[in-house]
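First comes the structure, then the notes that go with it.
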Amino acid sequence: MSDSSTVPVAVVDDDAATREAIVVVLDSIGIAAHTFASAQDFLAAPEASSYRCLVMDIRMPGLSGIEAQRRMKELGIAAPVIFITGHGDIEMAVDAMKRGAVDFLTKPFRDQVLIDAVQSVLSAAAARQAPPPVQQAASRQRLEQLTPREREILVHVAGGRRSKQIAADLGITVKTVDEYRSRILGKMQVGTSSELAAVAATLGLLPPA
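Numbering of the sequence shown is given in the UniProt record's numbering, commencing with residue 1 and proceeding in unit increments.
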């Protein structure tokens, strides 16, 4: 398992297929995630307080998402929570939002809805750690080292577009997009697409929301 310092998202759901599907979607935009089959497993993990975003089912056997949210507060785990809910769980989701959850996704939800929610949480976290002028200048210098094609793909990646979408738009293969993504992250000295989005925003590369 990768260190949670480089894996920003934890996915907590008792359904293995749902966990895997979420991981695949997030991986498609360069966001790594660890998975947990229960809230108990997540809360017991040594790295539980290190994640920057938590995607959690609101209704699970044993400890529910709402109960886990309460325990997180008691334990000082401050990761923003995005709850996954069923159509009958709206009242629970509203209660969770009042208790500090940042969003809830009602099943079935589109991949892009999940991507937007997670990107929003991670970008907000990165913005709270906005670079001082010296670091911003360094980021701009690194940007100048990118080729025109790398800059073009950077804007797509930072905007939350998936590799398949970028490949279709630019007429290249998904593998080529992923190779560009990896190279851009390395050149810009960031670990994830969300961190890249935060840097791109500070450099004025993204359109206003």
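By construction, the Cβ of each residue, glycine as well, lies at the ideal position given by its N, Cα and C atoms.
Predicted model, so just to flag it, every value in this text is computed and none were measured.
Which residues DSSP lists as bridging residue i, in chain order
i	result
Asp57	Ile84
Ala10	His34 and Leu54
Val27	The question names Val, but residue 27 is Asp in the sequence shown. Asp27 is not bridged to any residue.
9 Å Cβ cutoff met for residue i and residue j
i	j	result
Ser194	Val118	yes
Arg52	Val121	yes
Val7	Val55	no
Leu154	Leu196	yes
Asp57	Asp111	no
Ala48	Pro80	no
Gly30	Leu185	yes
Coarse secondary structure for residue i, derived from DSSP in three states
i	result
Thr106	strand
Ser4	Any reading at Ser4 needs caution, since the residue's pLDDT is 45, under 50, leaving its predicted position unreliable; the model's value is listed next. Note: Ser4 maps to coil in three-state DSSP.
Asp15	coil
Val157	helix
Ala45	coil
Val190	coil
Gln145	coil
Thr202	helix
Gly65	helix
Candidates the options, of which the one nearest residue i by Cα
i	options	result
Ile101	Asp178, Lys107 and Ile77	Per the sequence shown, the amino acid found at residue 101 is Ala instead of Ile. Minimum Cα distance to Ala101 is reached at Ile77.
Ile84	Arg71, Pro108 and Lys98	Pro108
Glu67	Ile172, Val177, Leu143 and Met92	Met92
Gly159	Ala198, Ala125 and Pro80	Ala198
Val174	Arg183, Arg162 and Ile184	Arg162
Arg140	Gln165, Gly204 and Asp111	Gly204
Leu105	Glu74, Ser182, Ala200 and Arg59	Arg59
Ala32	Gly171, Gly191 and Pro46	Gly191
Tyr180	Ala96, Glu74 and Arg149	Arg149
Ser28	Lys164, Asp15 and Ala201	Lys164
Met97	Asp41, Arg70 and Leu75	Arg70
Pro45	Gly30, Leu75, Ile82 and Pro61	With the sequence shown as reference, residue 45 is identified as Ala, and Pro is not the correct amino acid for it. Of Gly30, Leu75, Ile82 and Pro61, the residue nearest in Cα terms is Leu75.
Ser123	Leu43, Thr202, Val23 and Phe42	Thr202
Ala200	Ser64, Val177, Gln40 and Arg151	Arg151
Leu43	Ser64, Arg142 and Val24	Ser64
Asp103	Asp116, Ile82, Ile115 and Ile166	Ile82
Pro61	Ser50, Asp178 and Asp41	Asp41
Val25	Ile115, Met72 and Met188	Ile115
Cβ pair count under 8 Å reaching 3, the stretch 10-19 against the stretch 34-49: yes
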